[in-house]
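Okay, so here's the structure we're looking at.
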């Protein structure tokens with residue numbers, strides 16, 4: 006498998022990578038709650054909803070499924086979230102990495118923001134693998150699509166697995182109407198995260214969401 010391009014999940018090679026992947030514990034709960042973005046700019050919101058549900062947090066009421074509860078791309082905007090970011094703001098311009106972290110930190114999780122240009126590719130890879138091995142953590146990637154040879158610009162999606170033999174991460178693309186999940190080489194993923202966000206003027210990166218009882222992924 007010398008090709009450095011993304012390998013899509015719905016191909017024979019993609020299935021083979023999944024079968025032989027050695028780190029894929031997050032895949033099962035993320036797969037259960039994996040959703041498509043509601044709008045083109047809602048990739049961060051869809052990713053956040055996916056990881057909040059997969060961590061088993063207490064969700065707001067959702068009348069359509071009462072008496073059951075689940076985070077949705079609508080009820081995520083609680084009163085406290087609305088004081089930080091409104092749906093209209095997200096519809097118009099999406100979120101930066103810090104804005105998404107600010108939204109998710111309203112809920113009962115620890116959120117750590119990691120800018121890709123603050124570390125080298127080896128440190129980034131190790132931190133992502135460590136996160137994927139931890140059952141009470143989840144990771145959302147903020148990356149530039151063009152680096153992966155895809156159409157579009159900045160995009161958020163959760164990670165779900167890692168194949169150490171091929172050094173590929175499984176990126177669960179929340180634009181499900183557009184692309185399936187794909188296996189991305191570690192260095193290519195890192196390069197996609199060093200892309201500069203034109204809104205923030207900073208590099209992209211990733212955020213780690215952890216249950217409160219888990220120690221922060223980054224030192225204080």
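Numbering (our numbering), first residue to last: 6 to 225. Glycine residues also receive a C-beta, built at the ideal position from the N, C-alpha and C atoms.
Sequence-distant residues of its chain with Cβ nearer than 7 Å to residue i (five each side left out)
i, result
"residue 85", "111"
"residue 67", "74, 75, 77 and 80"
"residue 190", "9, 172 and 173"
"residue 19", "12, 13 and 188"
Where the beta strand (DSSP E) through residue i begins and ends
i, result
"residue 4", "A question about residue 4 goes unanswered here, because the residues of the chain that appear run from 6 up to 225."
"residue 134", "Premise fails: residue 134 lies in the alpha helix (DSSP H), 126 to 138, not in any beta strand (DSSP E)."
"residue 175", "173 to 176"
Other residues of its chain near residue i: CB distance less than 8 Å, five sequence neighbours each side excluded
i, result
"residue 170", "25 and 27"
"residue 217", "113, 114 and 115"
"residue 195", "121, 126, 129 and 130"
Alpha-carbon spacing of residue i relative to residue j, whole angstroms
i, j, result
"residue 131", "residue 124", "11 Å"
"residue 98", "residue 60", "27 Å"
"residue 187", "residue 11", "6 Å"
"residue 37", "residue 200", "30 Å"
"residue 44", "residue 103", "20 Å"
"residue 108", "residue 126", "27 Å"
"residue 204", "residue 47", "16 Å"
"residue 208", "residue 106", "15 Å"
"residue 163", "residue 55", "8 Å"
The alpha helix (DSSP H) enclosing residue i, as first and last residue numbers
i, result
"residue 21", "17 to 25"
"residue 84", "84 to 87"
Integer-rounded CB distance, given that residue j should sit under 8 Å from residue i
i, j, result
"residue 150", "residue 158", "6 Å"
"residue 134", "residue 167", "5 Å"
Contact set for residue i: own chain, Cβ-Cβ below 6 Å, skip 5 residues either direction
i, result
"residue 225", "Bear in mind that a pLDDT of 48 at residue 225, under 50, signals an unreliable position, so the number given afterwards is only what the model happens to contain. Contacts found: none."
Item to complete: Could I get the ranges of all uninterrupted alpha helix (DSSP H) runs contained in the segment 31 to 62, with 4 residues as the minimum, in chain order?
Response: 48 to 59
Worksheet entry | alpha helix (DSSP H) runs wholly inside the segment 76 to 122, at least 4 long, in chain order | 84 to 87, 92 to 98 and 102 to 109
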